[in-house]
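Chemist: Here it is, the structure, as structure tokens.
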Amino acid sequence: MNNVFRVYTSAVPCYAPGPAGSRWNAITTIQRPSGKVIAELVAPIEHEVPDGPTAHRDASIGAVLYGLRVAKQLKARNVIVYSDSAPAVEALNRNAPPSRSNAALYLQVKALAHSFASARFHLSPYPAMSDAPVMAAGC
């Protein structure tokens with residue numbers, strides 16, 4: 000793949016008072032093919048993430064969706080998306096089924112991924128953003 004944008008994502012819980020279920024923030028860093036970081040963003044995950052054993056995976060898939068949307072706005076054609084959630088990457092690579100609670104979110108990610116010339120999902124070899132909790136502290 001030529002001209003690959005790298006999208007690093009992480010989901011961090013935000014324990015502020017709010018509606019049922021935890022609120023989560025998406026932490027996203029995007030690199031141009033040259034390696035230059037062009038975006039470092041923190042945004043609330045738009046989709047409701049119910050509390051439970053799949054909460055982190057569901058939130059991580061929401062963070063991937065946010066990262067893909069930003070990459071699309073930056074006119075990326077080829078992307079490699081890194082997540083620090085192994086279960087999310089396994090689901091996105093179809094090695095594990097999505098949970099019932101995030102099936103619609105999973106389908107949105109897959110549809111957006113198909114709008115790129117090429118999109119791949121990988122587990123980051125190290126925490127993509129070691130300062131993610133610090134970045135999300137402003138919940």
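Residue 0 is where the sequence shown starts when you use numbering that gives the first Met the number 0, and the numbers rise one by one after that.
All C-beta atoms in this analysis are idealised placements derived from N, C-alpha and C, irrespective of residue type, glycine included.
#1: Which residues does DSSP list as the beta-bridge partners of residue 36?
#2: Let's see if you can read the secondary structure: which residues bound the alpha helix (DSSP H) around residue 100?
#3: Measure the C-alpha to C-alpha separation of residue 68 and residue 92 and round it to an integer number of angstroms.
#4: Is residue 113 helix, strand or coil when you go by DSSP?
#5: Per DSSP, which residues does residue 82 bridge with? Please list them.
#6: By the three-class DSSP mapping on this structure, what secondary structure does residue 48 have?
#7: Excluding the five sequence neighbours on either side, which residues of its own chain have a C-beta within less than 7 Å of the C-beta of residue 46, listed in chain order?
#8: Can you grab the Cα-Cα spacing for the pair residue 127 / residue 8, in whole Å?
#9: Which of helix, strand or coil does DSSP assign to residue 22?
#10: Would you report the Cα separation of residue 13 and residue 33, rounded to the nearest angstrom?
#11: Going by Cα to Cα distance, which pick from 66, 65, 71 and 3 is closest to residue 114?
#12: Since residue 77 sits in a beta bridge, which residues does DSSP pair it with?
#13: Quick one: using the 10 Å Cβ neighbour count with 16 as the cut-off for buried, is residue 64 buried or exposed?
#14: Contact defined as beta carbons within less than 8 Å: I believe residue 90 pairs with residue 56. What is the distance between those atoms, to the nearest angstrom?
Modeler: With the given structure in hand:
#1: 30.
#2: Here residue 100 belongs to no alpha helix (DSSP H), and DSSP marks it neither H nor E.
#3: Those two C-alpha atoms are separated by around 18 Å.
#4: Helix at residue 113.
#5: For residue 82, DSSP records a beta bridge to 8 and 122.
#6: Three-state result, residue 48: coil.
#7: Scanning its chain for C-beta atoms nearer than 7 Å, with the 5 sequence neighbours on each side dropped, one finds around residue 46 the residues 61 and 104, in chain order.
#8: Model confidence at residue 127 stands at a pLDDT of 48, short of 50, so the residue's coordinates are unreliable; what they give is reported in the following sentence. Approximately 7 Å between the Cα atoms of the pair.
#9: Strand at residue 22.
#10: Straight-line Cα distance between these residues: approximately 33 Å.
#11: The option with the nearest alpha carbon to residue 114 is 71.
#12: In the DSSP output, where bridge partners are listed per residue, residue 77 has 3 and 117.
#13: Around the Cβ of residue 64, a 10 Å sphere holds 16 or more other Cβ atoms; the residue is buried.
#14: Yes, they are in contact, since the Cβ atoms of residue 90 and residue 56 sit about 7 Å apart, within 8 Å.
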